[in-house]
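Q:
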Amino acid sequence: PSIIASPSRPNFKGSIDDWFKQFGLKRNVVVSAPCFSIVPMYLDTTDSIAFLPSRAIKGLNLIEIPLDESPDSFDVIAAWHPRYNEDALQKWVVSMLSVETN
């Protein structure tokens, strides 16, 4: 059983499924989580696996299995309404994201 993080909508198919397909494999997705940060809770209470960005599991008690051949990477974006362009908290969050992604 597998867990998928699908922030935009409940979804049981992800980009990694194409990667599995090239090996003739198919995932058995049993949970669609709304964000990466909640996936470790599911992993802790089930016998499932998940594919997560390495930064999403830093400092967690999870087993990381290195892959000889990795799936394609994907872009992560931050978006906000223009009315928050001058908001101090929003500026701070964006600066923290910039530090983490560079």
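In my numbering, the protein residues as written are 77 to 178. Every residue gets a Cβ at the ideal spot worked out from N, C-alpha and C, and that includes glycine.
1. Between the Cα of Phe88 and the Cα atoms of Phe96, Ala109, Gln98 and Phe99, which residue gives the shortest distance?
2. Are the Cβ atoms of Ser124 and Pro83 separated by less than 8 Å?
3. Which class does Ile133 belong to by DSSP, given the choice of helix, strand or coil?
4. What residue does the alpha helix (DSSP H) around Val115 start on, and which one ends it?
5. Hey, would you say Leu143 sits closer than 8 Å to Pro116, going by beta carbons?
6. Exposed or buried, what is Leu119 when buried is set at 16 or more other beta-carbons lying within 10 Å of its beta-carbon?
7. Do Val106 and Ile141 count as a contact pair if the criterion is CB distance below 8 Å?
A: Looking at the atomic coordinates:
1. For Phe88, the nearest C-alpha among the options comes from Ala109.
2. Inclusion of Ser124 and Pro83 in the CB contact set at 8 Å is not warranted, their separation being larger than that value.
3. Helix, per DSSP.
4. Looking at the DSSP string, the run of the alpha helix (DSSP H) that includes Val115 is Val115 to Thr121.
5. No, they are not a contact pair.
6. By the 10 Å Cβ count, Leu119 comes out buried.
7. Ile141 is not a Cβ neighbour of Val106, given a cutoff of 8 Å.
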